[in-house]
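Since the structure comes first, as structure tokens, the remarks are kept for the end.
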Amino acid sequence: MKNGLQRRKEEKKVPTKTFKRTDGRKLDEMRPISAKVGVIPSADGSAMWKQGDTTAIAAVHGPKKMHPQHQQDPSTGQLRCNYNLMSFSVSDRARPGKNRRSQEIDKIIEWAINPVLKIKGFPNLVVDVTIQITQADAGTRCAGINAAALALAHAGIPMKDLVSSIALGKLDKTLVVDVNKEEEDYEEGEGSTDIPITMTSDGKMTQMQIDGKITPAQLKEIMQMAKKACNEIYEVQKKALKDGIGGGEE
Amino acid sequence: MALEEARSKMDKFQTTSNVTGKRIRQYLEKNKRFDGRKLDEFRNIEVEVGVSKKAEGSARVRIGKTEVIVGVKLGLGTPYSDSPNKGNLMTTVELTPLSSPRFEAGPPKFRAIEIGRVIDRGIRESKVINFEGLCIKEGEKVWTIFVDIYSMNDDGNLMDAAGIGAVVALKNAKMPKYDEKTGTIVYGELTDKKLPLKKDIPISITAHKIGNSIIVDPTQEEEDLSETRVTIGFSDGIISSMQKGESTSITPEEMGEVFEIIEKSWKDVFKKIEKFVK
């Protein structure tokens, strides 16, 4: 019985060691990241987040009067996100405009960021965040969240923390950090499981989704990996903000 | 951020104030502009190509603080019955809320539709695209070129930025790989072949009339005061498309002035983008 369990554990571990990522990264290694604030001069705050071949640009307008008027809330300010894939950011041209996917992601991003936002003191007002994906290579909602958090901070919207987001994955039986498109389409064995997670700097999760199949034990491990990755992202975000404020807008 | 500060920002940017407008007009009477440019002078133009790896061709164009990103994608389509051996061109413009507090999310409004149509005609009517070269099987299958233009920052003259972006992205685009057996596109693999384009560089240039002055490349403040505008699709001395926009009339003499200014501007712009469109 014990032996059998041990053997099963070993079996589980074997592919982890031999698994090779297509771009040669280590399992817990993220793609190269670059971040910059102040990329949109006319916005109140803006940021660019590039992670591998995924690029997101976010701009903040507001707080301003909520329009349409019937959505105004006299008890609090509101965050409104608008996520958009540019038509040429994907291989097969995406039709411009909103679809079901982008409408869901709008809400996901709002839920991910709202916990760190302190906009209760802006009754009837809205903070608009627009996110454009110029290049999509998986993890676009995470890049969008990272850019949006930066843009909000750059706009001087009151926040108690930043949020950092990363897409983790399970490829066959191996857990990896920051899946790219090729990995997202992985079909061998158990296939690919996509797990985007967003965390505050003190490790609270504000967003999490799963598409695929995974055990609770593996999920615990995933959350540990996410915490480590989000800490790294948090440092990049802090640096981008400091650089942006030091150098001013271009 | 204090609530008062937030409130004071609410109506900012919606339009240029009367006071500023009056001063701009006074300046123009003396052939001067706020930023020191001549009336027929463009702001600095910056071009960057290959800004999106997933696109078959892409470009970022900045004119002063105005910025657009243009991507070219190729898709498969069926030809129109009146042109069975010709490919298709589709140009869309999205004025994203990211680029200006004036733009709202939602279906394209008239301004976006108009820019798209004017830029589309500027390219189509210049005959720079050899549409026969986009035919795969006559009457059945042709390539469709999608030119998608996104505004990233609006500080006036998005129209010309869009036109420059479109031509640069087209000139830099490569054909995707086509699998003859399955009749589909092999995505992610581009051939070395460029799009079937002729040598012309059609650029749409817009002149605006404010008071008695004709200017090009307005900033947002100037654009707000524009009484009428004329966009001309121009390629090395030949006019191939035109659109007069807004309600104010224009005299033939003024129109003559517009032609001169546009011819000069085309040369200026061409010089700045020449190395990106070879």
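Chains as they are written, first to last, in my numbering: chain A, -4 to 245; chain B, 13 to 290.
We put the beta carbon where it would ideally sit given N, CA and C, even for glycine.
Just so we're clear, the structure is a prediction, and the values are computed from it rather than from any experiment.
For lysine 85/B, the neighbours in chain A by C-beta distance under 8 Å run, in chain order, Ser82, Phe83, Arg88. Taking 9 Å as the threshold, the shortest C-beta distance from aspartate 48/A to chain B falls below it. For serine 70/A, the nearest beta carbon of chain B is not closer than 9 Å to its own beta carbon. Among the residues facing chain A, proline 120/B is included, as its CB has a counterpart in that chain under 9 Å away.
Unbroken alpha helix (DSSP H) runs of no fewer than 4 residues, entirely contained in the region 147 to 201 of chain B, are found at 170 to 184, following chain order. Around the beta carbon of arginine 88/A, 16 or more other beta carbons lie within 10 angstroms, which makes this residue buried. The C-beta of proline 230/B has 16 or more other C-beta atoms within 10 Å across all chains shown, which makes the residue buried. In this structure proline 191/A is buried. Its beta-carbon is surrounded by 16 or more other beta-carbon atoms within 10 angstroms.
Within the region 110 to 136 of chain A, Gly116, Phe117, Leu120, Asp123, Thr125, Gln127, Thr129, Gln130, Ala131 place their CB atoms closer than 7 Å to a CB of chain B, listed in sequence order. The beta carbon of phenylalanine 14/A lies closer than 6 Å to those of Thr169 in the same chain, with the five residues before and after it left out. Looking at the DSSP output, alanine 42/A shares a beta bridge with Val32/A, Ala53/A.
Looking at the DSSP output, histidine 220/B shares a beta bridge with Ile227/B, Arg241/B. Classified as exposed, lysine 234/A has fewer than 16 neighbouring CB atoms from the shown chains inside 10 Å of its CB.
Here histidine 220/B is buried. Its C-beta has 16 or more other C-beta atoms within 10 Å. For isoleucine 128/A, the closest of Ala143/A, Val121/A, Asn119/A, Leu120/A by C-alpha to C-alpha distance is Ala143/A. Proline 188/B is classed as buried because its beta carbon has at least 16 other beta carbons within 10 Å across all chains shown. Short of 7 Å from the beta carbon of alanine 38/A, and not among the five residues preceding or following it, lie these beta carbons of its own chain, in chain order: Ala54, Val55, His56. One alpha carbon belongs to alanine 42/A, the other to glycine 62/B, and they sit about 20 Å apart. Under DSSP, aspartate 206/A takes part in a beta bridge, and its partners are Asp189/A.
Where arginine 72/B is concerned, the enclosing beta strand (DSSP E) starts and stops at 69 to 75. In the structure shown, threonine 32/B falls within a helical segment according to DSSP collapsed to helix, strand and coil.
Assignment of aspartate 236/B by DSSP, reduced to helix, strand and coil, places it in the helix class.
Between the C-alpha atoms of leucine 120/A and tyrosine 78/A there is a straight-line separation of about 20 Å. Distance from the CA atom of lysine 139/B to the CA atom of arginine 129/B, rounded to whole angstroms, is 16 Å. CA-CA distance, lysine 66/B to glutamate 272/B, rounds to 40 Å.
Glutamate 106/B carries a strand assignment under DSSP once its states are collapsed to helix, strand and coil.
Where lysine 276/B is concerned, the enclosing alpha helix (DSSP H) starts and stops at 264 to 285. A straight line joining the alpha-carbon of glutamate 58/B with that of arginine 74/B spans about 5 Å. Just so you know, the alpha carbons of valine 82/B and serine 163/B end up roughly 9 Å apart. Annotated three-state conformation of lysine 59/A is strand, per DSSP. As a beta-bridge residue in DSSP terms, isoleucine 141/B pairs with Leu209/B.
Of all residues in the region 36 to 47 of chain A, those with a C-beta nearer than 9 Å to a C-beta of chain B are Pro36, Ser37, Ala38, Asp39, Ser41, reading in chain order.
Between lysine 176/A and aspartate 206/A, the C-beta gap is not smaller than 9 Å, which leaves the two residues out of contact.
Contact annotation: in the region 182 to 201 of chain B, residues whose CB is within less than 7 Å of a CB in chain A are Tyr199, Gly200. Secondary structure of glutamine 219/A (DSSP, three-state): helix. Here tyrosine 181/A is buried, its C-beta having at least 16 other C-beta atoms within 10 Å.
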